[in-house]
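Asks:
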Amino acid sequence: MIPRWKVFLIAGLVLAVIAAAIYFPILRKRVKRAARLQQQSEEQARRELTQTIPVNPSDPRVKAKLFWAADADDSALVPVTVELPLSNDTVLRSKQVLNTLLAGPVDPELRTVPPDAVLLAFYLLPDGTAIADFSEALATSIPSGIVSEQLAVDSIVRTLEANVPQVQRLKILIHGQEVETLAGHLDLTGTFIVNAKPRQPPPSAMKPTSEAAPGAEKPGASIPDNPAAAPARR
Amino acid sequence: MLLEVRNLARNAFLSPPGIIFLLILGTAIAANSQPQTQIQQPTAISQTPSSAPTTTVAISQQGGSTGSPASPFSTQSQRSGLNIVVLDPAHGGTDPGARGTGGIRESEIVLDMAIQVRRALELQGFQVVQTRQGNDNPSFDDRSAIANAQRGAIFVTLHISSTGLPGTVRVYANSDLPLVTDSNGLIPWDRAQAPFLGLSRKFADLVQGLLSQRFKGSPGTAQTATVRQLRTTAAPAIAVEICSIVVDDRAQLDHMAQGVADAIAGGAAAFRPSYVVPGVPGALP
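Line order of the protein sequences matches chains A and B.
Numbering-wise, the first sequence is residues 24 to 257 according to the numbering used here.
Numbering-wise, the second sequence is residues 9 to 293 according to the numbering used here.
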């Protein structure tokens, strides 16, 4: 004879399992709806952050060098000269050239970065370290692999090197966060050398507080350190 | 998706039926649980790499041993010179790596390919240690730690790209890294590759040379790239990337495996005489 309390306990447990089974799909629906709403608000916030960089008609039109892939199957970059109205302000100029790079070449096969990647913010520290904050699409939409990830970073670094001589090093963030790799291969924990020696330091800039590390003076070379100073947004 | 699962779990736990459901589940799991086998961590390196970036690599213990699911190091050969190859099939677990149109995954192909590479290396007399043998995903630091705990090891990580000329193979060594040591002469964990860069490039060139003969269109010399996996590895280390996952049939990649395996084994054998093995694991070359 089973004690009565055991019968009640088993019945209670069975009822709980049934209730959980019924409640689970409802809960799942609610969570999906909440996630969709959150995604929409994130997208909205991103759009607000990435307003089009204003182009001042009085900015001089200069020949900018942008680096895209030489060939759809190749890992080499070639410079393409594009005439653009570029600001004299270092940060604005950097945003303008990077946005043009992200917009891509005429032949979409020669793109080095995903078409939906967006430059969210760009900062420049007094020591010449630039911080470029890209949307998640740069990491999630890029074809995974050493060759494709290296090509993307090289095209960003070399485009800055050719057009913004004040930038000495570049730190890449994804959606405001430091990430270990771009898409599983390329190391993003350090900074990339852009211009080992600034050709034309901005008048307002302070003297560099730290020298580029020996042995890492080629554009694109990485230094595994983190910028310590908090960036001032421009 | 992650967010969804997290929210789902949180809400489910907080609801009354959820709590009862968990209680039942917990009781069942507790009744069936067995003592877990602990994976032995490498003892030869003092490290907590993911949480302590200033951790150093160089060590003073002689002939440290370690345990890994891949190889029993207690039976490590006493031969002098280079005799261990740490073979790293990249990605795994929740990280499939590059994905092909037919649903093929980089993580699965490199794991299969590692079998042939392993066999070719063993034929050359090397002892091979794999960083993973199943569908799991050790961290970058855990994979490096396996190599850093060895004496006289080299490290090869296997990849398949999403882009590039199909049927070609590229070999990478790490880009320039400044060599920095602390006041005790120890190297920070995050720059462990720095003293080995020259050797890594030599090894990479040897393998790339053999690959270019076998796979037309492959570069004649190795490339450099800031590959995360290589940076924390205190040994001559290369990344081998096969082009590409975008093939009509997986068999095209499988057919390349033997050629890649032979080139890695041949390159390692050619590299062996030029590598003067340090006296302790992880020490400077």
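Virtual Cβ for every residue (Gly too), placed ideally from N, Cα, C.
Just so you know, these numbers come straight off a predicted model, no measurement behind them.
So with Cβ pairs under 9 Å, would you call Ile-168/B a contact of chain A?
Replies: Numbered from its first residue, the second sequence carries residue 168/B at position 160. With 9 Å as the cut-off, Ile-168/B counts as an interface residue toward chain A.
Asks: Taking the alpha carbon of Leu-166/B as the reference point, which residue from Ala-230/B, Arg-258/B and Ile-250/B has its own alpha carbon closest?
Replies: Position 158 of the second sequence, counted from the start, is the residue given in the question as residue 166/B. Considering only alpha carbons, the answer is Ile-250/B.
Asks: Tell me which residues share the same chain as Gly-238/A and place their Cβ nearer than 7 Å to its Cβ, disregarding the 5 neighbours each side in the sequence.
Replies: Within the first sequence, the letter at position 215 stands for residue 238/A. Residue placement at Gly-238/A cannot be trusted, given a pLDDT of 43 that sits under 50; the coordinates are not used to answer.
Asks: Checking contacts by CB at 9 Å: is Arg-236/B closer than that to chain A?
Replies: Numbered from its first residue, the second sequence carries residue 236/B at position 228. Closer than 9 Å: yes.
Asks: Indicate whether at least one CB of chain B lies closer than 9 Å to the CB of Val-176/A.
Replies: Sequence index remark: in the first sequence, residue 176/A carries index 153 (1-based). Yes, Val-176/A counts as interfacial toward chain B.
Asks: Please state if the CB of Val-118/B and the CB of Gly-105/B are separated by a distance shorter than 9 Å.
Replies: Counted from its first residue, the second sequence places residue 105/B at position 97. Counted from its first residue, the second sequence places residue 118/B at position 110. The answer is yes: Cβ separation under 9 Å.
Asks: Using a C-beta cutoff of 9 Å, does Ser-252/B count as contacting chain A?
Replies: In the second sequence, the residue the question calls residue 252/B occupies position 244. So, interface residue.
Asks: Would you kindly work out how many angstroms separate the C-alpha atoms of Ala-202/B and Pro-186/B, rounded to a whole number?
Replies: The sequence position of residue 202/B within the second sequence is 194, counting from 1. The sequence position of residue 186/B within the second sequence is 178, counting from 1. Rounded to the nearest angstrom, the two C-alpha atoms are 6 Å apart.
Asks: Look at the Cβ atom of Val-255/B, then the Cβ atom of Leu-209/A, and state whether they are nearer than 9 Å.
Replies: As a first step, residue 255/B is located in the second sequence; it is residue number 247 there, counting from the start. As a first step, residue 209/A is located in the first sequence; it is residue number 186 there, counting from the start. Result no, Cβ atoms of Val-255/B and Leu-209/A do not sit closer than 9 Å.
Asks: Please say whether Thr-241/B and Phe-8/B have beta carbons closer to each other than 9 Å?
Replies: Since the first and last residues shown for chain B are 9 and 293, residue 8/B lies out of range.
Asks: Where does Met-121/B land, buried or exposed, given buried means 16+ other C-beta within 10 angstroms?
Replies: Translated into positions along the second sequence, residue 121/B becomes position 113. Buried, because 16 or more other Cβ atoms sit within 10 Å of the Cβ of Met-121/B.
Asks: Any chance the CB of Gln-119/A is under 8 Å from a heavy atom of the ligand ATP?
Replies: In the structure shown, the ligand ATP is absent, as is every other ligand, since no ligand is present at all.
Asks: How would you label Gln-216/B, buried or exposed, when you count the other beta carbons within 10 angstroms and need 16 or more for buried?
Replies: Within the second sequence, numbered from 1, the residue matching residue 216/B stands at position 208. Gln-216/B comes out buried.
Asks: Evaluate contact between the stretch 137-144 of chain B and the stretch 131-141 of chain A, counting only Cβ atoms and requiring at least three cross-stretch pairs below 8 Å.
Replies: Flag = no, the stretch 137-144 of chain B and the stretch 131-141 of chain A do not touch.
Asks: So Leu-133/A and Ala-95/A are in contact, right, with Cβ under 8 Å, and what is the actual spacing, rounded?
Replies: For the purposes of this step, residue 133/A is taken as residue 110 along the first sequence, with counting starting at 1. For the purposes of this step, residue 95/A is taken as residue 72 along the first sequence, with counting starting at 1. With 8 Å as the limit, Leu-133/A and Ala-95/A qualify as a contact, their Cβ atoms being about 7 Å apart.
Asks: Please work out which residues of its chain come closer than 6 Å, Cβ to Cβ, to Gly-274/B, disregarding the five sequence neighbours upstream and downstream, and give them in chain order.
Replies: If you number the second sequence from 1, residue 274/B lands on position 266. Closer than 6 Å at the Cβ level, and outside the excluded window around Gly-274/B, lie Leu-218.
Asks: If you draw a straight line from the C-alpha of Glu-234/A to the C-alpha of Glu-116/B, how long is it?
Replies: The residue you call residue 234/A lines up with position 211 of the first sequence. The residue you call residue 116/B lines up with position 108 of the second sequence. Its pLDDT being 35, under 50, Glu-234/A is placed unreliably in this model, and the coordinates cannot settle the point.
Asks: Figure out for me which residue from Val-202/A, Leu-89/A, Ala-206/A and Phe-47/A has the closest Cα to the Cα of Gly-213/A.
Replies: On the first sequence, position 190 is the one that residue 213/A refers to. When each option's Cα is compared against that of Gly-213/A, the closest is Val-202/A.
Asks: For my contact list, Leu-124/A and Ser-164/A are in at a C-beta cut-off of 8 Å; report their separation, rounded to the angstrom.
Replies: For the purposes of this step, residue 124/A is taken as residue 101 along the first sequence, with counting starting at 1. For the purposes of this step, residue 164/A is taken as residue 141 along the first sequence, with counting starting at 1. Not a contact, Cβ separation roughly 15 Å.
Asks: Under DSSP, the beta strand (DSSP E) around Leu-89/A begins and ends at which residues?
Replies: Residue 89/A sits at position 66 when you count from the first residue of the first sequence. Leu-89/A -> beta strand (DSSP E) spans 84-92.
Asks: For Ala-265/B, count neighbouring C-beta atoms within 10 Å of its own C-beta (all shown protein chains included) and say buried if the count is 16 or more, exposed if not.
Replies: In the second sequence, counting from the first residue as 1, residue 265/B sits at position 257. It counts as buried.
Asks: Counting Cβ pairs closer than 8 Å, one from the stretch 102-120 of chain A and one from the stretch 85-93 of chain A, do we hit at least three?
Replies: Touching, yes, given that three or more Cβ pairs across the two stretches are closer than 8 Å.
Asks: Count the other CB atoms, across all protein chains shown, that sit within 10 Å of the CB of Thr-135/A; report buried if there are 16 or more and exposed otherwise.
Replies: On the first sequence, position 112 is the one that residue 135/A refers to. Buried: at least 16 other Cβ atoms inside 10 Å.
Asks: For Gly-105/B, would you say it is in contact with chain A, using Cβ-to-Cβ distances shorter than 9 Å as the test?
Replies: Counted from its first residue, the second sequence places residue 105/B at position 97. With 9 Å as the cut-off, Gly-105/B counts as an interface residue toward chain A.
Asks: Going by CA-CA distance only, name the one from Ser-191/B, Arg-159/B, Gln-158/B and Ala-212/B that's closest to Ala-181/B.
Replies: Here the question's residue 181/B lines up with position 173 in the second sequence. If we check each option's Cα against that of Ala-181/B, Ala-212/B comes out closest.
Asks: Pick out whichever of Arg-127/B, Asn-143/B, Asn-91/B and Gly-133/B has its Cα sitting closest to the Cα of Glu-114/B.
Replies: Counting from one through the second sequence, the residue named residue 114/B turns up at place 106. Closest by alpha carbon: Asn-143/B.
Asks: Assess, as a yes-or-no matter, whether the stretch 274-283 of chain B is touched by the stretch 128-135 of chain B under the definition of 3 or more beta carbon pairs within less than 8 Å.
Replies: They touch, by the three-pair rule.
Asks: Under a three-way DSSP split, which group does Lys-194/A fall into?
Replies: Against the first sequence, residue 194/A aligns to sequence position 171. In the structure shown, Lys-194/A sits in a strand (DSSP, three-state: E or B).
Asks: Using only alpha-carbon positions, find the residue among Phe-215/A, Ala-144/A, Ala-153/A and Gly-199/A that is nearest to Ala-175/A.
Replies: Stepping through the first sequence from its first residue, residue 175/A is reached at position 152. The shortest Cα separation from Ala-175/A among Phe-215/A, Ala-144/A, Ala-153/A and Gly-199/A belongs to Phe-215/A.
Asks: Within 10 Å of its beta-carbon, does Gln-74/A have 16 or more other beta-carbons around it, so buried, or fewer, so exposed?
Replies: Within the first sequence, numbered from 1, the residue matching residue 74/A stands at position 51. Its pLDDT being 48, under 50, Gln-74/A is placed unreliably in this model, and the coordinates cannot settle the point.
Asks: Counting along the chain, where does the alpha helix (DSSP H) carrying Arg-159/B start and finish?
Replies: What you label residue 159/B is simply residue 151 of the second sequence in a count that begins at 1. No alpha helix (DSSP H) contains Arg-159/B, which DSSP labels as neither H nor E.
Asks: Helix, strand or coil: how does DSSP classify Glu-249/B here?
Replies: Here residue 249/B refers to the residue found at position 241 of the second sequence. Looking at Glu-249/B - three-state DSSP - the assignment turns out to be strand.
Asks: Quick check on the burial criterion: 16 or more other C-beta atoms within 10 angstroms. Buried or exposed for Phe-148/B?
Replies: To locate residue 148/B, count along the second sequence from 1; it is residue 140. Classification for Phe-148/B: buried.
Asks: I need the straight-line Cα distance from Gly-175/B to Pro-102/A, nearest angstrom please.
Replies: Mapped onto the second sequence, residue 175/B falls at position 167. Mapped onto the first sequence, residue 102/A falls at position 79. About 27 Å.
Asks: Tell me which residues of the stretch 143-175 of chain A have at least one Cβ-Cβ distance to chain B shorter than 7 Å, keeping chain order.
Replies: Here the close residues are Pro-166, Ser-167, Gly-168, Ile-169, Val-170, Ser-171 and Gln-173.
Asks: Pick from Val-129/A, Thr-152/A and Gln-119/A: whose alpha carbon is nearest that of Leu-143/A?
Replies: Here residue 143/A refers to the residue found at position 120 of the first sequence. The option with the nearest alpha carbon to Leu-143/A is Gln-119/A.
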